[in-house]
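Numbering (UniProt numbering), first residue to last: 1 to 933.
Note that beta-carbon positions come from the ideal geometry of N, C-alpha and C, so glycine has one too.
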C-alpha cells in the first residue's frame with residue numbers, strides 16, 4: 001500500500017496498487033494526517049481571512065454509536081465546510097453533541113433493567129444522572145472517532161455539549177425573557193402521555209411518533225334518559241376512554257335519522273346508517289337531539305354526579321363511525337377543549353403508569369390498553385354493545401421508547417405562541433431553503449403549531465428555573481448570579497457542581513411576594529430547548545457581543561427534513577424571541593437513508609448495515625460519494641450492491657485512469673511538470689488528433705469546475721458529483737483512450753489531475769489526498785490548496801457539443817461494424833458520414849473507428865471490403881492484443897521488457913510489434929509465448 005508518498009527511487013510517481021484496498025488506504029491517510037498535524041493546519045489556515053462562513057452543527061445525540069443515517073448529514077456538512085475552507089473562508093468548525101432528555105434516559109434505563117420511574121428513584125437520582133452523563137461522555141468519544149473515520153474534519157477538542165452549564169444557563173436567560181413577555185403559562189390539559197416514560201409529550205415529539213396500527217373499535221348504545229327504549233349509537237377507537245365519558249357530540253350540519261336495531265330505537269347520522277347497511281330509517285330534525293340527557297354506561301363511583309347530555313360540535317363528521325362522538329374531556333386534547341368550553345366535569349382515570357386510579361370499580365389498577373375485553377363484557381351486560389370492528393388508524397407512540405401512548409389530564413408548563421407566530425412566519429420568508437418546498441413545510445408547521453409544552457416529568461434534563469409559590473407568585477431565574485442573589489444560602493449555590501437534578505433541587509429561595517421559602521418545580525425542560533439555544537450559547541451572545549455579531553446569524557444549518565418542526569423551529573423560536581431575527585440564513589435538508597430496496601431501515605427487519613461494518617467494507621469515500629450523488633429532496637438507497645456501483649463508476653475508474661497516467665509517465669521517465677521533454681531530447685509522440693483533444697479535455701475540465709463551484713455555492717452536491725463523474729468518464733474512456741500512445745501530454749494530464757484532486761476532496765477526501773500526495777505538489781496536503789478558478793478562455797461549448805456528435809458518429813460506425821462482423825482492430829478503408837466536421841474532428845473519428853478515410857455525404861455508409869494491406873494490419877493489431885493479454889495474465893509490470901516466441905507474425909510490422917510490446921526480440925516457435933527479458 002501507499003506508505004511514503006514522497007518516496008522517489010527511479011520514478012517521479014509512486015507506484016499505485018492495481019487492486020487497492022480502499023478502507024486500508026484510508027486508514028493510512030488518517031495516520032499521515034495525524035502524524036503531520038494536518039487537521040490543525042486545516043482548521044487554522046484561514047484564521048486571518050476577512051471572509052467568514054458561519055456553520056452551526058446540529059448536535060448528534062450522544063447516546064449510541066453512529067449509524068449510516070448519521071453519516072449522510074455529517075458527510076454533507078463536511079463537504080460544504082471543506083469547500084468553503086478551500087475558498088479561503090474563516091470558520092469555527094464546532095461539532096455539537098445533544099446530551100439531555102429521554103433519548104439518553106431511556107438507554108440508561110435499558111442498560112440498568114429499569115421499567116419505571118420508581119426504579120430510578122430506588123436506584124438514586126444522583127447515581128442515575130451520573131450514569132446519564134457517563135453515557136454521553138462515552139458515546140461522544142465513540143461518535144468522534146467514527147466521524148473522523150468518515151473523513152470529517154472538525155475542531156473536535158472544542159465540541160459543544162448541550163448538558164453543559166453554559167448551555168443550560170443560556171436557556172435560563174431565554175426563559176426569563178419569555179416570562180417577562182408574558183408568554184409563560186402553567187395550565188392543565190389532556191396531554192399525550194407515555195406510560196413507560198411517565199411523562200407528557202409535546203406536539204413536536206408526537207409528530208415523530210405516529211404509527212399506523214390495527215385496533216378494535218366498538219359501537220356503543222347510549223340510552224336516552226326519560227325515553228322508552230331509545231338510544232344514540234356512538235363509536236370509539238379507544239374503548240378504555242368510555243369509563244370517563246361525559247358528553248356525546250353530533251354535528252347539526254348533517255342529516256340524522258331514526259331507525260330500529262333489534263328492539264331498540266336508535267339515532268345516528270344518515271350517512272353512517274347507510275354505511276352500516278341500515279335501510280329502514282326516518283330522517284329527523286337533528287336539533288331535537290341537542291341537550292338530551294342520557295344514562296352512564298357503567299355503574300362507577302366517578303360517574304355518579306356527572307350529568308350527561310348531547311351537544312353540537314362542528315368537528316364531528318359522519319364519514320367514519322356513526323356521526324356521534326363520545327367525549328371524555330380527561331382523555332384527549334380536543335375533548336378537553338370542548339369540555340372546558342362547556343364547563344363540564346373532566347374525569348381523568350389514569351395514573352402516571354397508565355393504570356386506572358381508585359373509584360373505577362373493576363377497572364381500578366388495570367392497564368388502560370389492556371381492558372378492552374373487560375369494557376366489551378361490561379357493555380354487553382348493560383345491553384349497550386352493538387358490535388366491534390377492527391380498524392387501521394394512526395395512533396401516537398412515544399418517540400423514544402415506542403410505547404403506545406395514552407391521554408391524561410396533567411398540569412404542564414407552556415410557552416404561548418399566538419404573539420410570536422406572525423413574527424416567526426415573517427422571519428421564515430427571509431431564509432433561503434434547500435429544497436424550496438421546505439419553506440412551505442415550515443410555514444404550515446407555524447400555522448398549525450400549538451403552544452410549546454416545555455416541561456417534562458422526568459429527571460435528566462434542563463432544570464427549569466421556576467420557583468412557584470403557593471401564594472401564586474412565579475419567580476423565573478435567569479442566571480447563576482440571580483440564583484445566588486435570591487437563594488437563602490448563596491454559599492450553597494457556589495458549591496454546586498452541576499445544575500442538574502438532584503443537586504439543583506437543594507437550592508431554595510424566598511418568595512419575593514410573601515416571603516415563604518420555596519423550592520424549584522420538579523419538572524425538567526423539553527430537549528429541544530437544549531438544541532434551540534445553540535446559536536446563542538455557542539456564539540457567546542451574553543459574554544462577547546463582537547464575537548456573536550461576527551458569526552451570527554449562521555450562513556448554513558443542515559439536517560434531516562424532519563428537523564423543520566424540531567431543531568430549525570426551536571432555533572427560530574429563540575432567534576425571534578431574543579432578537580426578533582433569523583438565527584440562520586440558509587437551511588439544507590436531506591432525506592432518509594433506506595436499504596438498497598428502498599425500504600425503511602428498522603431493527604425488526606434487520607435490514608440495516610452497522611456504520612463500522614459499512615465504512616470498513618465499502619470505504620468512507622464510497623459512502624460519501626453515494627450520499628452526495630443524491631438530490632437532497634430524495635431518500636438514499638444504501639447497500640453494498642449500490643456502493644459497488646459507486647466504486648466501479650467513479651472511484652475505481654478514477655483510480656485506474658490516474659494509475660495509467662502515472663505508469664506511463666514513469667515508463668517514459670517523465671520528471672515532472674517543469675521538464676516536459678523526454679531524455680536525450682528525443683521527439684515526443686502526438687496523435688494526429690491530439691491538439692483538438694487537448695482543447696476539448698481542457699474545456700471539459702473548466703466546465704466541470706464551473707458546475708461544481710456553482711452547485712456547492714448553492715449548497716448542492718448532486719449536480720457537482722454527477723459533473724465530476726461524467727468528467728472522469730470522459731477523461732478515461734475518451735481522452736486517454738484516444739491518446740494512449742502519446743507522450744507529449746503528461747504535463748496536461750498532470751495539471752488535470754492536480755485540479756481534480758482538489759475539486760474531489762470535499763466529497764472524497766481520502767482519494768483526493770492520495771492523488772494529491774502522489775502528484776508531489778508544493779502544497780503539503782490537498783486540504784491546504786486553493787479552490788481552482790475557472791479559466792473561461794479554455795471553455796469551448798461548441799467544441800464540447802461537437803465532440804458529443806463525434807462520439808455518436810463513432811457509436812454508429814461501431815454498430816455498423818458489428819452488423820458486418822468486423823471487429824474494431826480490423827482497419828477499414830472508408831466510411832461516409834452526413835455531418836460536416838473540421839479536419840481535426842475527422843481525425844478523431846478515424847483514430848477511434850480504425851478507418852483510413854472519412855468523407856462527408858448525404859447518406860451514412862461503411863466500406864467493409866478488405867484488401868491484403870488492411871488484413872495484414874488487422875493481424876498486426878490482433879497480435880499486439882494477444883501479447884498484452886499474455887503480459888497481464890503472467891503478471892508482468894508495465895516496464896518489464898520481454899522476449900516473444902510465435903509461430904508467425906506480420907513481418908512488415910515487426911518494428912511496431914517490438915516497440916508496442918516492449919519486446920527485445922521475437923523468434924519463431926510452435927506456440928505464442930513470452931518471457932521476461
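First and last residue of the alpha helix (DSSP H) that includes residue 887?
-> Counted as a single uninterrupted DSSP element, the alpha helix (DSSP H) harbouring residue 887 occupies residues 868 to 889.
So, is residue 907 buried or exposed, given that buried needs 16 or more other C-beta atoms within 10 angstroms?
-> When all chains shown are included, residue 907 counts as exposed.
Proximity winner among 726, 508, 598 and 222, relative to residue 648 (alpha-carbon distances) = When the alpha-carbon of residue 648 is set against those of 726, 508, 598 and 222, the nearest one is in 726.
Cβ-based burial, residue 161 [other Cβ within 10 Å; buried from 16] = Buried: at least 16 other Cβ atoms inside 10 Å.
For residue 524, three-class secondary structure by DSSP | DSSP places residue 524 in strand when its eight states are reduced to three.
Work out the CA separation of residue 441 and residue 181 for me, nearest whole Å.
-> Approximately 27 Å, taken between the alpha carbons.
Given a threshold of 16 other Cβ atoms within 10 Å of its Cβ, counted over all protein chains shown, does residue 890 qualify as buried or as exposed?
-> By the 10 Å Cβ count, residue 890 comes out exposed.
Could you pull out every residue in the same chain whose Cβ sits closer than 7 Å to the Cβ of residue 708, ignoring the five residues on either side in sequence?
-> Excluding five sequence positions before and after residue 708, the CB atoms of its chain that fall closer than 7 Å to its own CB belong to 720, 723, 724 and 759, given in chain order.
For residue 814, which residues from the same chain have a beta carbon less than 8 Å from its beta carbon, with the 5 sequence-adjacent residues on both sides left out?
-> Excluding its 5 nearest sequence neighbours in each direction, residue 814 has C-beta neighbours in its own chain below 8 Å: 824 and 849, listed in chain order.
At a cut of 8 Å, does the segment 325 to 343 reach the segment 236 to 244 through at least three beta carbon pairs?
-> A contact exists between the segment 325 to 343 and the segment 236 to 244.
Near residue 50, which residues of its chain fall below 6 Å by C-beta distance, leaving aside the five closest residues on each side in sequence?
-> If we look at residue 50 and ignore the five residues flanking it on each side, it has no Cβ neighbours.
Are residue 508 and residue 469 close, meaning C-beta to C-beta below 8 Å?
-> No.
Go to residue 900, then tell me how far its beta strand (DSSP E) extends in each direction, as first and last residue.
-> Counting along the chain, the beta strand (DSSP E) containing residue 900 begins and ends at 898 to 902.
Closest by CA to residue 620, which one among 596, 569, 765 and 696?
-> For residue 620, the closest C-alpha among the options 596, 569, 765 and 696 is that of 765.
Looking only at C-alpha atoms, which of 124, 48 and 57 sits nearest to residue 89?
-> For residue 89, the closest C-alpha among the options 124, 48 and 57 is that of 48.
Out of 61, 183, 80 and 880, state which residue places its alpha-carbon closest to the alpha-carbon of residue 132.
-> If we check each option's Cα against that of residue 132, 61 comes out closest.
Compare the beta carbon distance of residue 672 and residue 12 with 8 Å and say whether it is the shorter of the two.
-> For the 8 Å CB-CB criterion, residue 672 and residue 12 form a contact.
Does the beta-carbon of residue 14 have 16 or more other beta-carbons within 10 angstroms, so that it is buried, or is it exposed?
-> Counting C-beta atoms within 10 angstroms of its own C-beta, residue 14 has 16 or more neighbours from the protein chains shown and is therefore classed as buried.
Using the rule of at least 16 other Cβ atoms within 10 Å of the residue's Cβ for burial, across every protein chain shown, is residue 96 buried or exposed?
-> Residue 96 should be labelled buried.
Can you tell which of 260, 270 and 265 has its C-alpha closest to the C-alpha of residue 252?
-> Restricting attention to 260, 270 and 265, the CA atom closest to the CA of residue 252 is found in 270.
At what residues does the beta strand (DSSP E) containing residue 281 begin and finish?
-> If you look at residue 281, you'll find it in the beta strand (DSSP E) that goes 281 to 284.
Given a threshold of 16 other Cβ atoms within 10 Å of its Cβ, counted over all protein chains shown, does residue 610 qualify as buried or as exposed?
-> Around the C-beta of residue 610, fewer than 16 other C-beta atoms lie within 10 Å, and the residue is accordingly described as exposed.
Cα separation between residue 503 and residue 176?
-> Rounded to whole angstroms, residue 503 to residue 176 spans 21 Å at the Cα level.
Inter-residue Cα distance where the pair is residue 939 and residue 614 = Limits of the chain in this structure are 1 at one end and 933 at the other, which puts residue 939 out of reach.
Contact set for residue 450: own chain, Cβ-Cβ below 8 Å, skip 5 residues either direction | Closer than 8 Å at the Cβ level, and outside the excluded window around residue 450, lie 203 and 417.
Kindly provide the ranges of any alpha helix (DSSP H) runs that are 4 or more residues long and lie completely inside the segment 445 to 524, ordered along the chain.
-> Unbroken alpha helix (DSSP H) stretches of 4 residues or longer found wholly inside the segment 445 to 524: 480 to 486 and 490 to 494, given in chain order.
Sufficient close CB pairs (3 or more, under 8 Å) joining the segment 396 to 405 to the segment 205 to 219 | Remark: three or more beta-carbon pairs, one from each stretch, lie closer than 8 Å, so the segment 396 to 405 and the segment 205 to 219 are flagged as touching.
Is there contact between the segment 485 to 494 and the segment 518 to 535, where contact requires at least three CB pairs shorter than 8 Å?
-> No, the segment 485 to 494 is not in contact with the segment 518 to 535.
Is the Cβ-Cβ distance between residue 446 and residue 455 less than 8 Å?
-> Their beta carbons are not under 8 Å apart, which means residue 446 does not touch residue 455 by this criterion.
Could you please give the first and the last residue of the uninterrupted beta strand (DSSP E) stretch that includes residue 428?
-> Residue range 421 to 428 is occupied by the alpha helix (DSSP H) that includes residue 428, with no beta strand (DSSP E) assigned at that position.
Assuming residue 233 and residue 266 make a contact with CB atoms under 8 Å, what is their CB distance in whole Å?
-> Contact between residue 233 and residue 266 holds, since their C-beta atoms are separated by about 5 Å, short of 8 Å.
Can you name the start and end residues of the alpha helix (DSSP H) that residue 173 belongs to?
-> Under the DSSP assignment, residue 173 falls in the alpha helix (DSSP H) whose first and last residues are 165 to 180.
Report the rounded CA-to-CA distance for residue 684 versus residue 668, giving the unit in angstroms.
-> Only weak support exists for where residue 684 lies, its pLDDT of 38 falling under 50; the coordinates are left without a value.
What does residue 212 pair with, by DSSP beta-bridge criteria?
-> Secondary-structure assignment with DSSP links residue 212 through a beta bridge to 394.
Exposed unless 16 or more other CB atoms sit within 10 angstroms - verdict on residue 191 = Per the 10 Å Cβ criterion, buried.
Residues that residue 308 bridges to, as DSSP identifies them = Under DSSP, residue 308 shares a beta bridge with no residue.
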